[in-house]
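In this text, residue positions in the sequence shown follow numbering that gives the first Met the number 0: the first is 0, and each later residue adds one. Idealized CB from N, CA, C, for every residue including glycine. These notes concern the structure reproduced below.
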Amino acid sequence: MSRHPMVAGPIVATALTTLFLATGCSGDTARCGPPPLDEVSQNDLYGTYTGPHGAHLALTNIGGTTVTFTARNWPAENGVGILRKDAETFDGQGTWSLMSAPGEDGLIRLSFEDRESVQPGPPLYQLAVGKGDVSGKPILFAQLGDPDVCRVYELKP
């Protein structure tokens, strides 16, 4: 059997174009979750947020550079299972910090205090900061699991 080089060229080019588009390199991909908020400061984030299945997160400032949080009905794990109504939760507290530099997508990290190691896994501890609705208050969210399947854990003010 002989192969004809003129036939293979267009087939390979079509396959590479399809692969390029399927991996999200086209620049025209759909966003999962709220658009990121890149100009954010700690002052923008103070307040109480509510999420799925009764989750509450209160971000506070107790003075100086110390910023604390309390969480109620907080997901005990950080995977896609936290979207289920029967997902295990806990109440906790700790400190939080804004991890992003000015001009970068907003990102906060929660550091839980006194969390027992018997929990099923590491809790949801990192949240992106998204543009809020008409209130102007940011939304906190986490994209969960496979990036090709849009699953978002969202906390609104």
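Whole-Å CB distance - Pro122 paired with Asn77, under 8 Å assumed: The count along the sequence shown starts at 1 and reaches residue 122 at position 123. The count along the sequence shown starts at 1 and reaches residue 77 at position 78. Right, the Cβ-Cβ distance comes to about 6 Å (below 8 Å), so this counts as a contact.
CB contact flag (Arg71, His52, <8 Å): The residue labelled residue 71 in the question sits at position 72 within the sequence shown. The residue labelled residue 52 in the question sits at position 53 within the sequence shown. No, the pair does not count as a contact, with Cβ atoms beyond the cut-off.
Simplified DSSP state of Leu36, which is helix, strand or coil: Position 37 of the sequence shown holds residue 36. Under the three-state reduction of DSSP output, Leu36 falls in the coil class, being neither helix nor strand.
Chain-order list of residues whose beta-carbon lies under 7 Å from that of Asp43 (same chain, five-residue window excluded): As a working mapping, residue 43 is identified with position 44 in the sequence shown. These residues qualify, in order along the chain: Pro137.
Bounding residues of the alpha helix (DSSP H) (the contiguous stretch that carries Leu44): Residue numbering aside, residue 44 sits at position 45 when the sequence shown is read from its first letter. Gln41 to Leu44 is the extent of the alpha helix (DSSP H) around Leu44.
Cα-Cα separation, Thr69 to Thr94: The residue you call residue 69 lines up with position 70 of the sequence shown. The residue you call residue 94 lines up with position 95 of the sequence shown. Approximately 9 Å, taken between the alpha carbons.
Cβ-based burial, Gly144 [other Cβ within 10 Å; buried from 16]: In the sequence shown, residue 144 corresponds to position 145, counting from 1. Exposed: under 16 other Cβ atoms inside 10 Å.
Cβ neighbours of Ala57 in the same chain (closer than 7 Å, five flanking residues each side left out): Here residue 57 refers to the residue found at position 58 of the sequence shown. Once the five neighbours on either side are set aside, the close Cβ partners of Ala57 are Thr47, Phe68 and Thr69.
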